[in-house]
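Q: With numbering that gives the first Met the number 0 applied, the sequence shown covers 0 to 151.
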Amino acid sequence: MLAKFVKSLGYALNGIWIGIKTERNVRIDIVAAFYVLIFSRFYDFTLTQNIILVLICFNVLAFELMNTAVERAVDKPDKAHYMQAGEAKDTAAGGVLLAAIGAAVAGIMLFWNVEVFKEIFLFFKTNPLMIAAFAVTLFASYKFITIDNSKK
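1) How big is the Cα-Cα spacing for Asp-89 and Pro-127?
2) For Lys-151, is the classification buried or exposed, using 16 other Cβ atoms within 10 angstroms of its Cβ as the cut-off for buried?
3) Contact defined as beta carbons within less than 8 angstroms: I believe Arg-26 pairs with Ile-144. What is the distance between those atoms, to the nearest angstrom?
4) For Leu-36, does the count of other Cβ atoms within 10 angstroms reach 16, so buried, or fall short, so exposed?
5) How would you write the range of the alpha helix (DSSP H) that Pro-127 sits in, first residue to last?
6) Take Phe-122 as the anchor and find which of Phe-38, Phe-4, Ala-102, Arg-23 has the nearest alpha-carbon.
7) Can you tell me whether Thr-67 is buried or exposed? The criterion is at least 16 other CB atoms within 10 Å of its CB, across all chains shown.
Here you go:
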């Protein structure tokens, strides 16, 4: 029983790794979640608000992985199923879009606070080392997102 669980956990982790390795949008979502969670530290969020943020971030990533699964499952269908395959891929992409829109709306509702924006600006203005560290994370994020793992 435990061996089956460990084996299925391995498959799931492999699926996440495949998504990270091969899907630029998964990497974009990971970077976005990273910055959301970092900048949330500037806010006085309740435990519930922090839980919501984490769930939203993981929800978008989960939808993106499901979209990848649908795309892979229906790639190059036979001629009789070509239209249905396209519709399945479009529907899965629509699910990701809805999750992302929901995340953006929730993010605006949670993060839109001009006083905190000023606090963040002041934090970076008075901490040049943090500006440098932030620039390094932006560069690393860009490199992570633009990794080309396509088979040549």
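All residues carry an ideal CB built from backbone N, CA and C; glycine is no exception.
A: Here's the rundown:
1) Residue numbering aside, residue 89 sits at position 90 when the sequence shown is read from its first letter. Residue numbering aside, residue 127 sits at position 128 when the sequence shown is read from its first letter. Each residue's Cα considered, the two are about 45 angstroms apart.
2) Indexing the sequence shown from 1 puts residue 151 at position 152. Bear in mind that the predicted position of Lys-151 carries a pLDDT of just 45, short of 50, making it too unreliable to give a figure here.
3) The residue you call residue 26 lines up with position 27 of the sequence shown. The residue you call residue 144 lines up with position 145 of the sequence shown. Yes, they are in contact, since the Cβ atoms of Arg-26 and Ile-144 sit about 5 angstroms apart, within 8 angstroms.
4) Mapped onto the sequence shown, residue 36 falls at position 37. Leu-36 should be labelled exposed.
5) Sequence index remark: in the sequence shown, residue 127 carries index 128 (1-based). Its alpha helix (DSSP H) spans residues 127-144.
6) The residue you call residue 122 lines up with position 123 of the sequence shown. For the residues Phe-38, Phe-4, Ala-102, Arg-23, the minimum Cα distance to Phe-122 belongs to Phe-38.
7) Locating residue 67 in the sequence shown gives position 68, where the first residue counts as 1. Buried.
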